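Note sheet for the following structure.
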Amino acid sequence: MSSTIKLQRLNIIARFTAFDTSTEEGRSKERHRRIFLTAAASALAKVISVGTALISIPLTLHYLGAERFGLWMTISSVIAMLGFADLGIGNGLLNAISEANGKDDRVAIRRYISSAFIILSSIALVILLVFSLCYPFISWASFFNVKSPLAIQESGLAVAVFMLCFGLNIPGGIVQRTQMGLQMGFVANVWQSAGSILGLCAVLLVIHFKMGLPWLAGALAGMPVMVAFLNGIIFFGYIKPELRPKFIFVCRSAMKKIAHTGLLFLILQIVVSAAFASDNVVIARMLGAGAVAQYAVPEKMFSVIPMILGMVLMPLWPAYGEASSRGDGQWIKKTLIKSLKLAIIFSLPLASIIVIFGPSILSAWVGHEVAPPFMLLLGLGLWKVCEACGSALAMFLNGTNVVKVQVIVSIVFGITSIILKILFVGKIGISGTVWATVIAYFILVLLPYFFLVPRILKRKMK
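The numbering used here applies: residue 23 is where the sequence shown begins, and numbers increase by one.
Next comes the structure, spelled out in structure tokens:
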């Protein structure tokens, strides 16, 4: 296809007015238009997010020192491992909304939103209550294996601040899931950009006034939560008031539907969180919190790959759901093939560049405090290529509500990867963490999907 034709198609899609969705061609164009707008807004959000990370990580590393920085990264990883605490309701809501949107059922959408809001608010209250009861009885310094007096003093309060922000974000994130389910992810991304900018400003203020780690945690984690609630007030109050959650729209059948899908996502989230977010915890427990920076900072450098790729892939989730609800299997097949090609073409060259020039990039970025071995960089590069392919497949499976297969595959992968991480770190050091992930993911996830996805596609084409 010539570049002129591609440019003409881009000009057609890159517009702010919606297409006529009364025809199959119009619905296809509207999906691509919303995907494009969401990707463009996500590009802005990711540029800002990467920019804030590039600024904040070296500042906080120098400000906190290796051990306190490692403590910060480890606490973040522990909170990330609790991402399943909403019991999968957020993802269940996204799937339910995208399906109802494909049927143009606005009443059902409002029932799902109202029912999910009650469930998520209740979950957040229970989590914060349980944490407040358990907090005094846990030795946080021993848990995170920190030694310096300041790190020991700050560890518990920093965890408390992170947990408070985490709990508030559970019901606060419902607006983002709603916007994504309606293929309005571009709105959510604009708000995310605002949260990142405010978070960076707050971090700079904390460093300027020489405040402690708990204040830093509140600045980085608290500002996005505040912005999320402001997004919800404006979206449900002015943009889509007809979808505003109300108690009278809470419905048992809606709760049941969301909970059923959410339960599958819950299991999937637990396994994925344990497998992907356990790296820093394993390193801290086996090698000490001070060694976490040697892994966490290079991993942040490679994270630019899934960040950028996610701009295009994430909007496909609700688009697949809406297309599946309308029975548009041909669009699903074409889009899946294109997304896999994009994942490989983008991730492989970029990962290779970062592996080769990684030491120079790190030296210019954070100085000589972080000097990872080549095998760690190579492993991270291979992992990001595998992760890119897996993300493209996951958007298809999530959107078409094929979650049980993912659960089975992920359980086997999760258990195996954690065992391998512990064994590999003990044998070959810090590089063993990522190589354990790569080996387990390729054999136990990508290879099974190579045989399973064509069969699933065949069913969707009927």
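Think of the CB as a built atom: it goes at the ideal place given N, C-alpha and C, for glycine as much as any other residue. Just so it is clear, the structure is predicted and the values come from calculations on it, not from any experiment.
To the nearest angstrom, how far is the alpha carbon of residue i from that of residue j?
| i | j | result |
| --- | --- | --- |
| V249 | L150 | 20 Å |
| V447 | M397 | 13 Å |
| L400 | A146 | 40 Å |
| L362 | P236 | 41 Å |
| V181 | P476 | 44 Å |
| D108 | L116 | 13 Å |
| Q205 | I119 | 10 Å |
| K322 | G73 | 12 Å |
| N33 | H54 | Confidence at N33 is low in this model, with a pLDDT of 48, below 50, so the placement of that residue should be treated as unreliable; the coordinate-derived value is given next. Cα to Cα, the separation comes out at about 12 Å. |
| I270 | Y134 | 12 Å |
| I141 | V148 | 11 Å |
| G217 | A386 | 27 Å |
| R481 | F251 | 40 Å |
| S275 | I255 | 26 Å |
| M297 | K356 | Note that residue 297 corresponds to Ala in the displayed sequence, not to Met. Going by the C-alpha atoms only, they are around 31 Å apart. |
| L468 | L227 | 44 Å |
| T60 | L338 | 10 Å |
| G412 | P470 | 11 Å |
| M23 | M233 | Interpretation of M23 is limited by its pLDDT of 46, a score under 50 that renders its predicted location unreliable; no figure is taken from the coordinates. |
| F464 | L474 | 14 Å |
| D126 | V152 | 40 Å |
| N253 | K449 | 48 Å |
| K169 | Y157 | 20 Å |
| Y317 | H390 | 14 Å |
Could you pull out every residue in the same chain whose Cβ sits closer than 6 Å to the Cβ of residue i, ignoring the five residues on either side in sequence?
| i | result |
| --- | --- |
| G178 | W162 |
| W353 | S50, A345 |
| L66 | S215 |
| Q428 | L290, L419 |
| P359 | For clarity, residue 359 is Ile in the given sequence; the question names Pro instead. Closer than 6 Å at the Cβ level, and outside the excluded window around I359, lies no residue. |
| K28 | Summary for K28: the model assigns pLDDT 45, below 50, so the residue's position carries little reliability, and this model does not support an answer. |
| G454 | F446, V447 |
| T283 | G114, N117 |
| M12 | Any answer about residue 12 is impossible in this case: the structure gives the chain only from 23 up to 484. |
Apart from the five residues just before and just after residue i, which ones in its own chain have a Cβ nearer than 7 Å to its Cβ?
| i | result |
| --- | --- |
| K268 | S136 |
| E409 | P328 |
| S369 | I327, L331, K406, V407, A410 |
| L442 | A458, I461, A462 |
| A138 | I111, L115, I196, I280 |
| S25 | Residue placement at S25 is flagged as unreliable, the pLDDT there being 46, under the threshold of 50; the coordinate-derived value follows with that caveat. Closer than 7 Å at Cβ, skipping near neighbours: no residue. |
| A21 | The question about residue 21 has no answer, for the chain in this structure spans 23 to 484. |
| S307 | Correcting the residue identity first, residue 307 is Arg in this sequence and not Ser. Hits under 7 Å: N167. |
| I229 | L81, Y85 |
| V456 | L398, G401, L402, W405 |
Which residues in the same chain have their Cβ closer than 8 Å to the Cβ of residue i, if we skip the five residues on either side of it in sequence?
| i | result |
| --- | --- |
| W94 | T82, L86, A180, L235, L238, A239 |
| Q30 | Note that Q30 scores a pLDDT of 43, beneath 50, so its modelled location is shaky and nothing firm can be said. |
| P320 | G380, L384, V392, P394, L398, L399, L402 |
| T438 | A462, L466 |
| I57 | Q205, V334, P337, L338, A341 |
| C273 | R133, S136, S137 |
| E176 | R90, L93, G234, L235, P236 |
| A313 | G92, I305, A306, I452 |
If you check the beta carbons only, do residue i and residue j fall under 8 Å apart?
| i | j | result |
| --- | --- | --- |
| N423 | F287 | no |
| G259 | A341 | no |
| M417 | L335 | yes |
| L466 | V425 | no |
| C187 | A243 | yes |
| G194 | Q201 | no |
| K311 | F166 | For the sequence presented, residue 311 should be read as Ala rather than Lys. Cβ distance < 8 Å, so A311 and F166 count as in contact. |
| S64 | N211 | yes |
| I77 | L222 | yes |
| I444 | V304 | yes |
| F324 | I376 | yes |
| I70 | I219 | yes |
| G451 | A315 | no |
| P80 | V388 | yes |
| I440 | S300 | yes |
| A365 | A414 | yes |
| L285 | V247 | no |
| L265 | I131 | yes |
| E534 | G351 | The question about residue 534 has no answer here: the residues shown for the chain are numbered 23 through 484. |
How close, in whole Å, do the beta carbons of residue i and residue j come, if the pair is a contact with beta carbons under 8 Å?
| i | j | result |
| --- | --- | --- |
| E89 | A224 | Not really, about 23 Å apart at Cβ, beyond 8 Å. |
| G21 | R348 | Any answer about residue 21 is impossible in this case: the structure gives the chain only from 23 up to 484. |
Does the CB of residue i have a neighbour CB from chain D at under 8 Å?
| i | result |
| --- | --- |
| G403 | Among the chains in the structure shown there is no chain D, since it carries only a single protein chain. |
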